[in-house]
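Note sheet for the following structure.
There are 2 protein chains.
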Amino acid sequence: MDGAQQIQRVCVIGAGTIGSLLAGHLSRVAEVSVLTRRAEQATRLERDGLSVSGKSEFTGRLRATADAAELPAFDLGIIAVKATDLEHVAGGLSGLAPGATMMTIQNGLGAEELVARHGDWPLISAVTFMSGTRHSDVHVEYELDTATWLGPWAPTATPMTTVEEVARLINASGLRAEAFADLVPAQWSKLIFNSAVNSVSALTELPHVALFADEDALAPVVRALIDEGKAVAAAAGVELYEDPWEMNVLAVARGETNRSDYAHVPSMLEDVRARRRTEVDFIAGAVVREAARVGVEVPVTAAVHRLIRGREASWELGRPAHVRVAS
Amino acid sequence: MDGAQQIQRVCVIGAGTIGSLLAGHLSRVAEVSVLTRRAEQATRLERDGLSVSGKSEFTGRLRATADAAELPAFDLGIIAVKATDLEHVAGGLSGLAPGATMMTIQNGLGAEELVARHGDWPLISAVTFMSGTRHSDVHVEYELDTATWLGPWAPTATPMTTVEEVARLINASGLRAEAFADLVPAQWSKLIFNSAVNSVSALTELPHVALFADEDALAPVVRALIDEGKAVAAAAGVELYEDPWEMNVLAVARGETNRSDYAHVPSMLEDVRARRRTEVDFIAGAVVREAARVGVEVPVTAAVHRLIRGREASWELGRPAHVRVAS
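Heads up: the protein sequence lines correspond to chains W and G, in order. Counting with this note's numbering, you get residues -15 to 311 for the letters of the first sequence. Counting with this note's numbering, you get residues -15 to 311 for the letters of the second sequence.
And the structure:
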């Protein structure tokens, strides 16, 4: 394969918010199929199409199935499930689409390694800064129209020309994408930002509000988490693309000035509110694992990782039948 | 004043669980008055008496008022309000009962200093390990019949004979008490235990279950908090009475073996469930203040202190009108 327009058939695996935004937009410039978790959603998507509102307004037509074996052939697979579902989903893709390129777009670190264990596809790493709201199985609202960043995953030697073609396709579809020769610095910037902001949000149940940058409130703990992450990155030889503390300050300032009733709800807080397992093992947990590998102490990150896992455990435990008031 | 039986009139300030357990029992061996927050509770207590069930079974008769100026004279005042209410309550006692001894029984550190700013009463420090459930304004259940420990507060040079007399009175009433010449080692053991266990419980919403001593779960974060507290105690020249980590292991083992449906709910988790301000400033916050005073780093304790304050802030903020799903 060489030259332009090689990617004509795209399969989006996972139809959550990010998957729906990608599938909907890409259906305007490519043949799109979607792998859903529930058969009911696939049926509705094939019947009604996928409506996008907000920053884009259209209804895309696409193929959809809940059975990986029924997927039509594709040139590009975009795995847009949550990190917590990745092992299960990647296992189901094993042996499929041997000629395709696969792109991972999970929060945190480690998605590529996990997918690579299930096939020898060339892999593209991605981090996305766009966001939206999934109003139903067939309707997603496109809200924050910031970019998705792509880069070749070095161990599979994915050609940069392929990454650039995927970025062009995404841009042509109405979303924003940018291709990077080395995505690692940007991945780590976002990892460290999320390790701090998502963790603090999950434990306090606060959306990403001004208190996160307020020295009398949460700034010292956000900074402690970010400083630990930066120490790990430095020891791992990663130069960051953006400073995660500046990302925190800017994001909070944007929320304050634009809309008084608006505050970004990090995905882990969404999970806590819904009592769903969070992606903490792939975010703060990934920082802890990398810290152990490079021999850096990260006491605050290790603590919030375990506290969030404890919070998840509380949902399974329920409340004890017998409650005592403590001394 | 010298000799035995000098304390005949006791005023219990605050009629929560601990205050009600003390007032009810002491009414069997002394004239007891109670200062309540709500006039309605005082009226009911004077009319119906205070019923105690559980480990004790009786109804005590006592005086009660919500107006400090109406309190009858007393020899011993026991201030049993939450640490968060102490400043307000102590201010209202200013100028009252100049001949009385005052006893503080709050969680954490700093209650004595705060009370001392409002009067020159000799002060008794206390920590309690008993617990119960307050079923109504006039009914408290006595559950865990462990002791209350008392000691003279050194800056007011309270005579040890007075402390011993108070301990005898409490024991005679049907509760358990023990007098210590120096309570500081026991206060700090409980402070450090609570700084770890109450904080982890408040953030995870788990009662004090086996996960708190499980190395694959919360033990590393509980131990990190305890180790920071122990480093502060050592730097402050305090030798601990009990090892807080052993207290954690024993408490969890007791819960496991005694009743499968039982797990102790630390007071700060009660507060989180009720969306009430917690005593974290007097517990983990006190460790952070002492750490700054003696020049010890306590990054994990500082983080959980601010995270719990952030959690409290989330109740005032409410949920934003506009909710976004994060990338």
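Even for Gly, the Cβ is constructed at its ideal location relative to N, Cα and C.
When you compare each of G:C(-5), G:R261, G:Q90 and G:V36 to G:G345 by their alpha carbons, which one comes out closest? Outside the modelled stretch of chain G, which goes from -15 to 311, sits residue 345 of chain G, for which no answer is possible.
Is it buried or exposed, W:E199, if we count other Cβ atoms within 10 angstroms and call 16 or more buried? exposed
Have a look at G:G116, G:W133, G:K174 and G:V13 and flag the residue whose alpha-carbon is nearest the alpha-carbon of G:A268. G:K174
The segment 124 to 131 of chain W in contact with the segment 101 to 109 of chain W per 3-pair CB rule at 8 angstroms: no
Based on the DSSP secondary-structure assignment, which residues constitute the bridge partners of W:V(-4)? W:V18 and W:I62
Around the Cβ of W:Q171, are there at least 16 other Cβ atoms within 10 angstroms (buried) or fewer (exposed)? buried
Strictly under 7 angstroms for the Cβ-Cβ distance: is W:L159 near chain G by that measure? no
Tell me, to the nearest whole angstrom, how far the beta carbon of W:H192 is from that of W:V236; I am working on the premise that it is less than 8 angstroms. 6 angstroms
Since I believe W:L34 is in contact with W:A74 (beta carbons under 8 angstroms), could you give me their beta-carbon distance rounded to a whole number of angstroms? At roughly 24 angstroms, the Cβ-Cβ gap does not stay under 8 angstroms, so W:A74 and W:L34 are not in contact.
Considering only residues of the same chain and omitting the five flanking positions on each side of W:Y312, which have a CB-CB separation below 6 angstroms? The shown model of chain W, from -15 to 311, leaves out residue 312 of chain W, and the question about it has no answer.
What distance in whole Å lies between the Cβ atoms of G:A270 and G:G94, which are believed to be in contact at a cut-off of 8 angstroms? 6 angstroms
In the DSSP assignment, find the unbroken beta strand (DSSP E) run with W:S115 in it and report its ends. S115 to S120
So, at 7 angstroms on beta carbons, what are the nonlocal neighbours of G:N155 in its own chain, with the 5 sequence-adjacent residues on each side left out? A161
Taking CB distances under 7 angstroms as the criterion, tell me whether W:E300 reaches chain G. no
CA-to-CA distance, G:T112 to W:S311, given in whole angstroms: For W:S311, the predicted model reports a pLDDT of 36, less than 50, meaning its position is unreliable; a value from the coordinates is still stated below. Looking at the two C-alpha atoms, the distance is approximately 6 angstroms.
Among the residues of its own chain, which have a CB less than 8 angstroms from the CB of W:G79, if the five just before and after it don't count? G103
Since I believe G:P283 is in contact with W:A208 (beta carbons under 8 angstroms), could you give me their beta-carbon distance rounded to a whole number of angstroms? 6 angstroms
Members of the segment 196 to 211 of chain G that neighbour chain W once the beta carbon cut-off is set at 7 angstroms: A201, L202, P204, V205 and A208
If you compare alpha carbons, which of W:A218, W:V18 and W:L187 is closest to W:A53? W:V18
Within the same chain, show all residues whose beta-carbon is closer than 8 angstroms to that of W:K39, passing over the 5 residues directly before and after it, in chain order. Y126, E127 and D129
So, at 6 angstroms on beta carbons, what are the nonlocal neighbours of G:V256 in its own chain, with the 5 sequence-adjacent residues on each side left out? A186
From W:H119, W:R277, W:V150 and W:H289, pick the residue whose C-alpha is nearest to that of W:R(-7); which is it? W:V150
Give the DSSP-derived three-state secondary structure of W:R243 in the structure shown. With a pLDDT of 49 at W:R243, under the threshold of 50, the modelled position of this residue cannot be trusted, and the question is left open.
Would DSSP call W:S298 helix, strand or coil? helix
Use the C-beta contact count for W:S298: other C-beta atoms within 10 angstroms, 16 or more gives buried, fewer gives exposed. buried
When DSSP labels each residue in this structure, what does W:E127 get in the three-state scheme? strand
Given a threshold of 16 other Cβ atoms within 10 Å of its Cβ, counted over all protein chains shown, does G:L234 qualify as buried or as exposed? exposed
G:V284 at chain W interface by Cβ criterion, 7 angstroms: yes
Please classify G:A121: is it buried, with 16 or more other beta-carbons within 10 angstroms of its beta-carbon, or exposed? The sequence as given places Asp at residue 121 of chain G; Ala does not occur at that position. That one is buried.
So that I know if they touch, is there some Cβ in chain G lying closer than 7 angstroms to that of W:L80? no
What's the C-alpha gap between W:I176 and W:V272? 11 angstroms
Who are the Cβ neighbours of W:E96 in its own chain at under 7 angstroms, not counting the five residues just before and after it? T88, L107, S109 and W137
If you run the structure through DSSP and keep just helix, strand and coil, what is G:G3? helix
Report the partner residues of G:T49 according to the DSSP bridge assignment. G:L19
Whose CA, out of G:W133, G:R101 and G:A275, lies closest to the CA of G:P139? G:R101
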